[in-house]
Structure formats: C-alpha cells, structure tokens
Amino acid sequence: MLVPLYQAKAEFFRMLGHPVRIRVLELLQDGRMPVRDLLAEIEIEPAALSQQLAVLRRSGIVTSVREGSTVVYELAGGDVAELMRAARRILTEMLAGRKQLLAELRESAEPRESAELRDSEVAAE
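Positions 2 to 126 (the numbering used here) are the ones given, in order, by the sequence shown.
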C-alpha cells in the first residue's frame, strides 16, 4: 500500500525532530566528519550519538564509510544542506517578526506596561 505524500513528509520531519540529529546535519553541511569529531562538537555520550546517527543513516539522509578504525559520516545529498539553510532562513524571519511585534507592543503600551514587557523580555532571554 502506498503512503500518501503528506504522511511521508510528516514521517520525514519527525525523523528530523531531535536536536542532536539537527546538530549532526548542521555539522555535516561543511563536509565529511569522523564520529570522534562529531562527539567533540556535540558533547554527548558516544552511545547517544551512535543511536541518533543510526536513525539518520536508516533514513538515508546521511551515509557512512569506515576508513580503518574510523567511521566517517557525510550528507547523502546537497538537498539536505539546502533544507538546513532554508530552516535557518525561516527561523530568522519568524524571530524578526516577533521582534517587530514586541517593538510595536512597546510603542503602544503605557509606561507601566512597557516596563513589564521589558522585564518579560529579559526573563525570556
């Protein structure tokens, strides 16, 4: 039975739904990386990284090759790097929109409300 495209997309994005997986993909945008370098950059337990790499490998989004005693990972294709860049652009636009909304709220707030907004922003950072 064929899976509807929207369901396949949802499963794809669920696969991306872990911070370690996203970080691995970000790091691999610059090229191949051995597991030891990924571990140094991400600073998690080796078993936890291995588990997340296995998810990415099974999905086909990354590939691995053994070079002697070292396992090296790379993105399976350039589209993955483009997806990561697109996500960064989208997040940047979303955050810029929130910043503009906050500025507009400050401008329209009374003095007491303006101080509350500043305090809540400081607490959120």
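Virtual Cβ for every residue (Gly too), placed ideally from N, Cα, C.
Values in this document were obtained by computation on a predicted structure and should not be read as measured data.
CB-CB length for S65 against V72, believed under 8 Å: Rounded, the Cβ-Cβ distance is 5 Å, consistent with contact.
Three-state class that DSSP yields for S12 in the structure shown: The sequence shown places Glu at residue 12, rather than the Ser named in the question. The answer is helix: DSSP assigns E12 an H, G or I state.
Short check: CB of Q30 to CB of L76, under 8 Å? Going by C-beta atoms, Q30 is nearer than 8 Å to L76.
Beta-carbon spacing of Y7, M34 below 8 Å: 8 Å or more divides the Cβ of Y7 from the Cβ of M34.
Since L50 and V21 are thought to touch, with beta carbons under 8 Å apart, how far apart are those beta carbons, to the nearest angstrom? The C-beta separation of L50 from V21 comes to about 7 Å, placing the pair in contact by the 8 Å criterion.
For a test of the three-state rule: what should DSSP assign to P5, helix, strand or coil? Three-state DSSP puts P5 in coil, outside helix and strand.
Backbone secondary structure at L76 - three-state DSSP: L76: strand per DSSP, three-state reduction.
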